[in-house]
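If you're matching positions, the sequence shown starts at 111 in this note's numbering and goes up one per residue.
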Amino acid sequence: MKHISLFVTFVSFLFFGLASQAYLAIHESGKVLNPGEYKIHLSQQLITDPGTFGSLTAGGSLPLDADSEIGFKLGTGFADYHFVGQYKWIPYPDFEEQPAIGAIGGILVAKPDGINETGVFAGPIVSKNFSTEYGSFDSYISVPLYGVSYDGDLQLSGQLIFGSIWKTYNFEKLQFTAEMGLRINDNSFSYISIGALLYFGDDGIRIE
């Protein structure tokens with residue numbers, strides 16, 4: 111329990127120290143956390159269409175079982191604030207020639223432009239890890255679809271997302287992410303986003 115408390119405390123510290131975010135970037139591959147392993151992340155997002163907006167988010171994840179985990183995100187910027195609770199399920203892991211295949215979904219609560227917004231989202235996610243001379247790249251694609259109540263009106267939106275998680279040979283626990291989302295209707299937006307992930311376990315947080 112003390113490690114879970116440390117996890118929540120650290121991510122809360124990250125969030126309340128931030129000043130700017132958007133809540134539709136995922137920064138997730140088909141990798142599932144091992145028992146006793148936790149993950150925190152920080153990411154910056156730039157919305158490119160429509161308009162140009164910057165945002166920042168922090169969050170973390172906990173394992174549930176061998177093929178699933180839960181996570182949350184907190185942030186501000188494009189929206190006055192937002193919260194995302196998500197569930198990732200990967201029944202088919204990345205193994206030999208087979209990519210990881212699964213789904214990601216959850217709930218969101220936000221306040222963009224002073225308007226209350228609540229909704230749900232779900233979509234497939236597929237990823238494959240590749241090793242190179244510069245480290246390993248866990249590249250993924252996802253198509254999350256959203257049903258959102260925006261100021262009392264129901265809106266449907268979604269994005270086509272491409273991204274990769276880069277694990278260098280210099281760090282074992284610290285990894286870096288880059289992601290691009292393409293709008294698929296008028297209610298969504300296109301963006302680019304970069305971030306960092308930090309994995310830790312029962313031995314505490316160490317950048318190594």
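Glycine included, each C-beta is placed from N, C-alpha and C at the ideal position. On a predicted model such as this, the values are computed, not experimentally measured, just so you know.
Check	Outcome
Inter-residue Cα distance where the pair is Thr287 and Phe272	11 Å
Boundaries (first-last residue) of the beta strand (DSSP E) holding Asp294	For the sequence presented, residue 294 should be read as Ile rather than Asp. Counting along the chain, Ile294 falls outside any beta strand (DSSP E), and DSSP gives it neither H nor E.
For Ala168 and Ile180, the rounded distance between their alpha carbons	15 Å
Test item: CB-CB of Glu227 and Ser259 under 8 Å	yes
Cβ shell of Val107 (< 8 Å), same chain only, five flanking positions each side left out	Residue 107 lies beyond the stretch modelled for the chain, which goes from 111 to 318, so this question has no answer here.
Beta-carbon proximity list for Ile235, same chain, < 7 Å, skipping 5 on both sides	Glu138, Gly140, Gly212, Ala213, Ile214, Tyr250, Ser252
Terminal residues of the beta strand (DSSP E) in which Ser246 lies	245-252
As assigned by DSSP and simplified to three states, the class of Pro222	helix
Rounded C-alpha distance that separates Asp223 from Asp190	7 Å
According to DSSP, residues forming a beta bridge with Val258	Gly229, Gln265
DSSP three-state assignment for Asn280, whether helix, strand or coil	coil
Three-state secondary structure assigned by DSSP to Glu289	strand
Proximity of Ala135 and Ser303 at Cβ, strictly below 8 Å	yes
Cβ pair Gly187, Ser171 closer than 8 Å	no
Sequence-distant residues of its chain with Cβ nearer than 6 Å to Ala306 (five each side left out)	Leu152, Phe286
Residues near Val230 in its chain [Cβ-Cβ closer than 6 Å; skip 5 each side]	Ile217, Gly257
Separation of Tyr244 from Ser274, as counted between CA atoms	14 Å
Beta-carbon proximity list for Tyr279, same chain, < 7 Å, skipping 5 on both sides	Gly245
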